[in-house]
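Taking it in order: structure first as C-alpha cells, then the write-up.
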C-alpha cells in the first residue's frame, strides 16, 4: 500500500551525524562539547537569519516568503540536532530525574501547541494563496494594452476582493459573526425592494481552526513556563531543552506574526531571553525587529507582516485609488506609474506562486517532525519509567 | 497615440476629405495642361479613392449596425442594474435574453476584432463601450451565480448510522476489574450494507439549475472571465461544504483539545468521525466532483482547481482530527477505534486518490496517506503495548478464591474482537517480528483452517495468550496453598479455552492449541485432587500406630479443614466445578466407603462422624465461593 513504508529511521541518520561530530572532538568531555556545538549552530543559524549574507540579502528580506522558508529550515535543523543531543547515547533514566522530569513534559506540551499553530499557519498560507488569485485577476486586467474602463473596473473589483479577504482574515474574531451570517436571501424575491447587493463569502481561517482557539494565547502559553536553567542547577540537558524551546516558541511566534492567523492580539510582546547566551543576541535582535513591525502594523491597521503581503496591500490600495480616478485613456505619466505598479504586483504574485506551496509543505514537514519526535521522546520516557520501576 | 488622435480625422471628416479629394481629382482631370503620365496617376488615385469610399461606406454602415447592436445589448444590461430582482429568478425568458445580450456584446467585440482599440474614432469608442458593458455584465453574472448556487443548494441529512460498533464498551482501567463478559456481547453486523452506499451521488444543487449555471460558466469563459467564475463558485461551494459539516455536527477541535478528552467522549467522537469521513468522501465529495465536472468539465484545469479549493479545508480539518488521535497516548482500549479509523481510511483511499488525482491534489493525497500509515503504526504500536502490558501486569496479593482473574477476562474479551479485523491486522503485522515459539501450525486436521492459524494475527494472538499464561503462573505463585494455585490455573486456563472455542478465535488458535490447553487445565485439576486429597485420604490408611478411632478423627478434622477452606474457593464454571467435584468424589468416596465398610463393626457409630452419603453431599459445597464451616452444624 502506498504511504505505509516505514520512514527511514531518524535515529539511524542521527547516529551517523553523531559519529562525525565525535570524530572532530578534541575536547575531553564529548557531552559538553556536543552541547556547545549545538548552541553554536543555533547561534550561527540565527545570525544568518538576522543579517543574511550579502549575496542573498536582497531576496531574503525579513519576513518575506523566502526568509520564512529559511526560518522553517532553521527550525528543522535545530530540531534534528536537539534530538540527537537529547536522546542518542544517553542513559534514559537521566530524563526522568529532576529537573528534566518537569522540563520534558513541558517541552512535549509546547510541541502539541506548536502542532496546532502549524495547522493554523498552514491554513493562513491558503488564505494568502487566495489573495494571490485575486492579484492575478487584477494584474491580467491591468496588463491589457491599452487599458480600458471595463478592465480597470474588473481589476478594481478583484483588488477590492483581495483587500476584503485580507481584512476578514486579519479581523477573524470580530468579522466572523457579522460576515458569516450574511445571507444571499436578502436579495431574493422575498424583499424585492432591497437594493443592497449580495455579500460574497470569503475563505475564512475558522474553517479548520477550532472556534475559540487563539494564536496569541497559544504563544503565550508556550512561553509562560519558559525559564532558563539557573546557574546553580546541574545544567546537563536542561540547557538544550531550554534552547530548543526558545527556538520553537520564536519560530512559531514569527510564523503567526507573518501569516494570517486566528486571533493575534497582543503579539508584540515577546518572551525574554537572557542576553549572556551565545545565540540570544541574534534571536533578541529578530524579536525586536519583528516586534517593531508588528507595532507598526497595529498602528497602521495594515493586515499582515509577510513582506509580500504588505507590499501587495499597499499596491492594491494605490491601484484602487488609480482605478477610482481612471478615465480613458488616462494620462501618460500616470499610466507609466501604474504599469510599474502592475509589474510589481505581478512580480509578487509570481513569488507567491513559487514560494507558498513549498513553504506550506515545509510547515507540514515541521508538523510531522514534531509528531515523530514527540513519539520518540515518549518512548524514551516509557522505557526509562520501566527501568526505574522496581521489579515486582 | 494621443498625437495620432489630433491628426487623424474622425469618420465623418474622413468622408468629407475623400469626397473633396475626388472633387479635386475630377477638376484636375478635366484640365488639359497635364501630362499623360500625370493623368494616369490621377486616374489611378481616383479609382483608389473610389474603392476607399466604398470600403469606408460599408465600414460605416457596419459600424452603425454594430453600434445599434451594442446599444441594444447595453440597454438590457443596464436595465437590470436598477432592478432589485435577480434575473434568473425572473424567469427563463429574462435569463435567455440577458445571456443573448452578453453574446451580442461578445459579437461586437469579436467583429471589431483587429481594428478595435488600436483604431481610433468610432470603432474605438464602440470597443470601449463594449468592454465596459461586458465588465458590468460579468459582475452581474457573478452575483447571479452566487445567488443560484446559494438558493438551490440541497441538503440531505443522512441518518447517523453507527458503523463498526463491534468493540463497544471494552474499556480499560488499571485494575482490569470493570470488564464483564456481558458488556462485550454486542457483536454487531459489520458494514455489509454500508458499503453499498458507496458510489452514490447526490444533487448538491437542484439539477434543474445546472444548465443555468453551465450557461453562466460558458458565457463567462467566452468573455475570458473564467477566473472570476471560479472564485465565486469556490467561495459558495466551500461554504456549503463547511455548513454541511456543521449539519453533520463535525466539531473542529484543536489537537490540544483532543488530547484532553476523556476516553468515552473521545470514543464517541471517533465513531462520529468515521461516519463523517464516509459520508463526506464517498458521498459528498464524489457528488461535488460530479458537479464540478458537469459545470467545468470543458474548462480543463479549472475543473480540478475548483474542486480542490472547495474541498481542501474540510478534508484537512477531518484529517487533522485523525492526526490528533494518533498523537494521543496508546492505551489498549484505543486499538479498536484505531483499527476502525484505519479501515475506513483504507476503504476510502482509492476514492480519495481518484478525487484528488491531479497534480495540485497531491498535497491532500500525501496527507491522507501519511495519516493512513500513521494510524496503522499507531494501531500496531498499541497492540504491541497491549502485549507488553499483559506481560508486566503484576499483582501483590493473590486473587481471592482462585476464580477468573479480571486480567484474563479483559484480555480474552479483547482478543475475541480482533478476528473481525483479521485482514487489516495481518496487513499491519506483516512485517513485525514473530516469536517463533508460538508458531504452532497444525497440519493434522482436515479443515482448511491452517491458513488462519498461520497468519500473522494468529501468531500474535497466541503470543498474547502465552504471555497471559506466564503472567497467570506468576500470579498463581502468590498463593501459599498449592491446591489453590492449581484451582486458579485450572479456572483461568479453562476460561481461556472456553473463550477461544466459543468464538472465531478458535480459527486462529487452532485445534492443536485448544487440545493442548484442555490438557493443561485437566492436568491442574488432577494435580489439585492429588495435592488436596491424597493427604486427607491417607489419614484412613493403617500406618500401624494409629487406632481406628483416631484415624476417623484425623480424617474428619482434615476433611473439615478442607471443607472450611475450599467452600470459599470458587469455580465459576458449573460444568468445570461439577467435573472437579466428581473427580474429587472418585478419589475420596470409594476410599472412605471401603474404610467404613471394613471397619464399621469395630467402631461405634458415634466415632463415625460422616456417612459416605454425607461426604458426597458435602463435596458439592466445595468451590461455590461462600465459606462454610462444619464444626457445629454438621456435628451429630
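Protein chains in written order, with the UniProt record's numbering: chain A, 1 to 392; chain B, 1 to 636.
Even glycine gets a Cβ: it sits at the ideal position worked out from N, Cα and C.
Source: prediction; values computed, not measured.
The beta carbons of residue 274 of chain B and residue 315 of chain B sit no closer together than 9 Å.
For residue 122 of chain A, the enclosing alpha helix (DSSP H) has its first and last residue at 100-142.
One thing to note: residue 301 of chain B has its Cβ no nearer than 9 Å to the Cβ of residue 355 of chain B. Non-local beta-carbon contacts of residue 267 of chain A in its own chain, meaning distances under 6 Å to residues more than five positions away in sequence, involve 216, 257 and 294 in chain order. Separation of the CB atoms of residue 115 of chain A and residue 255 of chain B is rounded to 5 Å, and the pair is thereby assigned contact status at 8 Å. Around the beta carbon of residue 81 of chain B, fewer than 16 other beta carbons lie within 10 angstroms, which makes this residue exposed. Contact annotation: the region 411-424 of chain B does not touch the region 316-327 of chain B, with fewer than three C-beta pairs closer than 8 Å. Rounded to the nearest whole angstrom, the CA to CA distance from residue 532 of chain B to residue 509 of chain B is 33 Å.
Assigned with DSSP and collapsed to three states, residue 153 of chain B falls in strand. Comparing alpha carbon positions, the residue from B:392, B:622, B:400 and B:320 closest to residue 364 of chain B is B:320.
For residue 320 of chain A, the enclosing alpha helix (DSSP H) starts and ends at 307-325. Here residue 378 of chain B has 326 and 338 as same chain residues with Cβ atoms under 6 Å from its own Cβ, once five neighbours each way along the sequence are excluded. Selection A:301, A:277 and A:306 evaluated against residue 290 of chain A yields A:306 as nearest (Cα-Cα). Interface criterion met: the Cβ of residue 115 of chain A is under 9 Å from a Cβ in chain B. Taking residue 70 of chain B as the centre and dropping the five residues before and after it, the same chain places the C-beta of 104, 105, 108, 126, 129, 130 and 133 closer than 8 Å to its C-beta, in chain order.
The Cβ atoms of residue 495 of chain B and residue 408 of chain B sit closer than 9 Å to each other. For residue 405 of chain B and residue 491 of chain B, the gap between their C-alpha atoms comes out near 9 Å. With respect to chain A, the C-beta atom of residue 98 of chain B has no partner C-beta closer than 9 Å.
The three-state secondary structure of residue 624 of chain B, taken from DSSP, is strand. By DSSP's assignment, residue 42 of chain A forms no beta bridge with any residue.
Within the model, the alpha-carbon separation for residue 564 of chain B versus residue 551 of chain B is close to 20 Å.
Contacts between residue 265 of chain B and chain A, judged by CB atoms closer than 7 Å, are missing: the closest CB pair is about 15 Å apart. Looking at the backbone, the Cα of residue 475 of chain B and that of residue 402 of chain B are separated by about 10 Å. Between the region 540-557 of chain B and the region 607-625 of chain B, the count of C-beta pairs closer than 8 Å reaches three or more; the two stretches touch. Put simply, the CB of residue 455 of chain B is far from chain A, with every gap to its CB atoms at 9 Å or more. Straight-line spacing of the CA atoms in residue 91 of chain B and residue 156 of chain B works out to 27 Å. Of all residues in the region 416-430 of chain B, those with a C-beta nearer than 8 Å to a C-beta of chain A are 427, reading in chain order. Think of a sphere of 7 Å around the beta carbon of residue 371 of chain A: the chain B residues whose beta carbon falls inside it are 327, in chain order. A contact is defined here as three or more CB-CB pairs under 8 Å, and the region 156-165 of chain A fails this definition with respect to the region 244-255 of chain B. Residue 260 of chain A counts as buried, since no fewer than 16 other beta carbons sit within 10 angstroms of its beta carbon. Counting only Cβ-Cβ distances below 8 Å, residue 213 of chain A has contacts in chain B at 254, in chain order.
The beta carbon of residue 85 of chain A sits closer than 7 Å to those of 34, 35, 38 and 240, all from its chain and outside the five residues before and after it, given in chain order. Counting of Cβ neighbours within 10 angstroms places residue 51 of chain A among the exposed residues, the total staying below 16. When secondary structure is reduced to three states using DSSP, residue 570 of chain B falls in the strand class. If you draw a 10 Å sphere on the C-beta of residue 96 of chain B, you find fewer than 16 other C-beta atoms in it, and that means exposed. Per DSSP, residue 222 of chain B is one residue of the alpha helix (DSSP H) stretching across 210-222.
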